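> The following block contains the structure, expressed as structure tokens.
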Amino acid sequence: MDFVAGCIGGAAGVLVGHPFDTVKVRLQVQSMDKPLYRGTFHCFQSIIRQESVFGLYKGIGSPMMGLTFINAIVFGVQGNTMRLLAHDTPMNQFLAGAAAGAIQCVICCPMELAKTRMQMQGTGEKKSSRKLYKNSLDCLARIYNREGLRGVNRGMVTTLIRETPGFGVYFLSYDVLTRSLGCEPDDRYMIPKLLFAGGMAGIASWLSTYPVDVIKSRLQADGVGGVNQYSSIADCVRQSVRREGYMVFTRGLTSTLLRAFPVNAATFATVTLVLMYARGVEEGPKDCEPAQPSHHPQIQQQAQPSSL
Numbered sequence: 200m201d202f203v204a205g206c207i208g209g210a211a212g213v214l215v216g217h218p219f220d221t222v223k224v225r226l227q228v229q230s231m232d233k234p235l236y237r238g239t240f241h242c243f244q245s246i247i248r249q250e251s252v253f254g255l256y257k258g259i260g261s262p263m264m265g266l267t268f269i270n271a272i273v274f275g276v277q278g279n280t281m282r283l284l285a286h287d288t289p290m291n292q293f294l295a296g297a298a299a300g301a302i303q304c305v306i307c308c309p310m311e312l313a314k315t316r317m318q319m320q321g322t323g324e325k326k327s328s329r330k331l332y333k334n335s336l337d338c339l340a341r342i343y344n345r346e347g348l349r350g351v352n353r354g355m356v357t358t359l360i361r362e363t364p365g366f367g368v369y370f371l372s373y374d375v376l377t378r379s380l381g382c383e384p385d386d387r388y389m390i391p392k393l394l395f396a397g398g399m400a401g402i403a404s405w406l407s408t409y410p411v412d413v414i415k416s417r418l419q420a421d422g423v424g425g426v427n428q429y430s431s432i433a434d435c436v437r438q439s440v441r442r443e444g445y446m447v448f449t450r451g452l453t454s455t456l457l458r459a460f461p462v463n464a465a466t467f468a469t470v471t472l473v474l475m476y477a478r479g480v481e482e483g484p485k486d487c488e489p490a491q492p493s494h495h496p497q498i499q500q501q502a503q504p505s506s507l
């Protein structure tokens with residue numbers, strides 16, 4: 200039931216947060232020689248005006264498709280790691296989260312590659328005159344046919360650098376916040392506290408690794424127009440800083456932080472409700488109580504800061 204609740208909660212998070220993610224990617228990869236967008240809100244307005252509201256949901260099939268596999272990996276790795284570490288401490292939460300984040304990159308990297316390519320397709324067009332990719336699966340298949348396995352895993356190193364500490368910071372932040380706020384079974388404000396803790400943990404996670412995400416997006420979007428601009432991670436960093444300065448590493452950050460809180464809030468609310476109805480009102484809330492280490496990590500596993 201934890202697995203099912205996590206999948207449903209993750210799907211809710213994707214639905215809420217995907218428009219913000221589309222804006223983030225567009226801002227991260229746009230050319231500064233001829234910028235299409237002046238900022239986050241202008242990007243929102245432009246996409247809706249030029250491509251309709253559905254333009255904000257381009258590429259949503261990829262994160263939805265990879266959701267089940269990512270959750271399964273994260274649940275298994277984080278739970279087993281916590282059992283091996285034996286003690287439910289903040290540091291162990293960080294280590295277990297980091298391990299889960301690293302291993303789920305196997306699914307996360309190709310999923311985000313397809314998402315990024317789909318989000319960039321038909322930029323500024325309400326109806327694309329020629330769609331290169333029909334859907335996320337077709338996108339990955341075409342990339343594989345042209346570039347092989349290496350092409351499908353484009354951006355894997357940057358994804359690892361982002362996800363490993365990112366998940367660690369997320370689980371650590373959530374653990375510290377829930378312990379500080381308290382999460383008693385009879386607390387009438389338990390769910391708002393969980394939502395606040397999850398949202399703030401998501402924000403902390405993104406802030407800790409955001410510069411790496413900018414480089415990852417640029418590498419995965421590279422070659423969309425048929426020409427590869429970057430030869431490596433270091434080359435991407437050099438060119439980006441030379442053209443746009445160090446502020447390039449904050450490009451799209453506003454959209455990302457606006458997305459982080461509601462995504463985690465939606466995920467936690469959905470997971471909590473599913474568990475409460477499935478296990479009974481009395482049993483469900485106990486899964487959130489920090490004093491019970493056997494249950495506490497399970498709720499943490501339901502919300503993920505980057506992949507969802």
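As numbered in this note's numbering, residues 200 to 507 make up the sequence shown, in order.
All residues carry an ideal CB built from backbone N, CA and C; glycine is no exception.
None of these values were measured; they are calculated from a predicted model.
CB Gly212 to CB Gly300, shorter than 8 Å?
Here residue 212 is taken as the residue at index 13 of the sequence shown, counted from 1. Here residue 300 is taken as the residue at index 101 of the sequence shown, counted from 1. Not in contact: Gly212 and Gly300 (Cβ atoms no closer than 8 Å).
> Can you tell me where the alpha helix (DSSP H) holding Gln318 begins and where it ends?
For the purposes of this step, residue 318 is identified with residue 119 of the sequence shown, where counting begins at 1. Start and end: Cys304 to Met319.
> Rounded to the nearest angstrom, how far is the Cβ of Met319 from that of Ser261, given a contact under 8 Å?
Within the sequence shown, residue 319 is the residue found at index 120, counting from 1. Within the sequence shown, residue 261 is the residue found at index 62, counting from 1. Their Cβ separation, rounded to whole angstroms, is 13 Å, which puts Met319 and Ser261 out of contact at 8 Å.
> Cα separation between Cys307 and Ile342?
In the sequence shown, the residue the question calls residue 307 occupies position 108. In the sequence shown, the residue the question calls residue 342 occupies position 143. Their Cα atoms are separated by approximately 16 Å.
> To the nearest angstrom, report how far apart Thr315 and Val276 are at their CA atoms.
Counted from its first residue, the sequence shown places residue 315 at position 116. Counted from its first residue, the sequence shown places residue 276 at position 77. Approximately 27 Å, taken between the alpha carbons.
> May I ask you to verify whether the stretch 223 to 236 touches the stretch 406 to 426, counting CB pairs closer than 8 Å and requiring at least 3?
Because the criterion of three Cβ pairs below 8 Å is met, the stretch 223 to 236 and the stretch 406 to 426 touch.
> Quick check: Gly401 and Asn463, are their CB atoms within less than 8 Å of each other?
Taking the sequence shown and counting its residues from 1, the one referred to as residue 401 is at position 202. Taking the sequence shown and counting its residues from 1, the one referred to as residue 463 is at position 264. It is a contact, given that the beta carbons lie within the stated cut-off.
> Should Thr408 be labelled buried (16 or more other beta-carbon atoms within 10 Å of its own) or exposed?
If you number the sequence shown from 1, residue 408 lands on position 209. Buried, because 16 or more other Cβ atoms sit within 10 Å of the Cβ of Thr408.
> For Arg361 versus Asp412, is the C-beta distance shorter than 8 Å?
As a first step, residue 361 must be located in the sequence shown, where it is residue number 162. As a first step, residue 412 must be located in the sequence shown, where it is residue number 213. Cβ distance < 8 Å, so Arg361 and Asp412 count as in contact.
> Consult DSSP for Ala285 and reduce its assignment to one of helix, strand or coil.
Numbered from 1 along the sequence shown, position 86 holds the residue referred to as residue 285. Ala285: coil per DSSP, three-state reduction.
> If I follow the unbroken alpha helix (DSSP H) through Arg442, where does it start and stop?
The residue given as residue 442 occupies position 243 in the sequence shown. Note, Arg442: alpha helix (DSSP H), Ile432 to Glu443.
> Would you decide whether Ala477 is buried or exposed? Buried here means 16 or more other CB atoms lie within 10 Å of its CB.
Residue numbering aside, residue 477 sits at position 278 when the sequence shown is read from its first letter. By the 10 Å Cβ count, Ala477 comes out exposed.
> Among residues of its own chain, excluding the 5 on either side of Thr453, which ones have a beta-carbon nearer than 6 Å to its beta-carbon?
In the sequence shown, the residue the question calls residue 453 occupies position 254. Closer than 6 Å at the Cβ level, and outside the excluded window around Thr453, lie Thr239.
> Which whole-angstrom value describes the C-beta separation of Gly296 and Leu376, a residue pair presumed to lie in contact below a C-beta threshold of 8 Å?
Counted from its first residue, the sequence shown places residue 296 at position 97. Counted from its first residue, the sequence shown places residue 376 at position 177. Not quite, the Cβ-Cβ distance comes to about 14 Å (not below 8 Å), so this is no contact.
> Assign Gln244 to one of two classes, buried (16 or more other C-beta atoms within 10 Å of its C-beta) or exposed (fewer than that).
Here residue 244 corresponds to residue number 45 of the sequence shown, with the count starting at 1. That one is exposed.
> With distances taken between CB atoms, is the gap from Val473 to Ile207 smaller than 8 Å?
Position 274 of the sequence shown holds residue 473. Position 8 of the sequence shown holds residue 207. Cβ atoms of Val473 and Ile207: closer than 8 Å.
> Tell me whether the beta-carbon of Thr449 lies closer than 8 Å to the beta-carbon of Phe219.
Taking the sequence shown and counting its residues from 1, one reaches residue 449 at position 250. Taking the sequence shown and counting its residues from 1, one reaches residue 219 at position 20. No; because the gap between Cβ atoms is not below 8 Å, this pair is not in contact.
> Measuring CB to CB, does Tyr429 end up less than 8 Å from Ala396?
In the sequence shown, counting from the first residue as 1, residue 429 sits at position 230. In the sequence shown, counting from the first residue as 1, residue 396 sits at position 197. For Tyr429 and Ala396, no; Cβs fall outside 8 Å.
> Tell me where the alpha helix (DSSP H) around Thr357 begins and ends.
Locating residue 357 in the sequence shown gives position 158, counting from the first residue. Counting along the chain, the alpha helix (DSSP H) containing Thr357 begins and ends at Met355 to Leu380.
> Would you call the CB atoms of Ile414 and Thr357 closer than 8 Å?
Within the sequence shown, residue 414 is the residue found at index 215, counting from 1. Within the sequence shown, residue 357 is the residue found at index 158, counting from 1. Cβ atoms of Ile414 and Thr357: closer than 8 Å.
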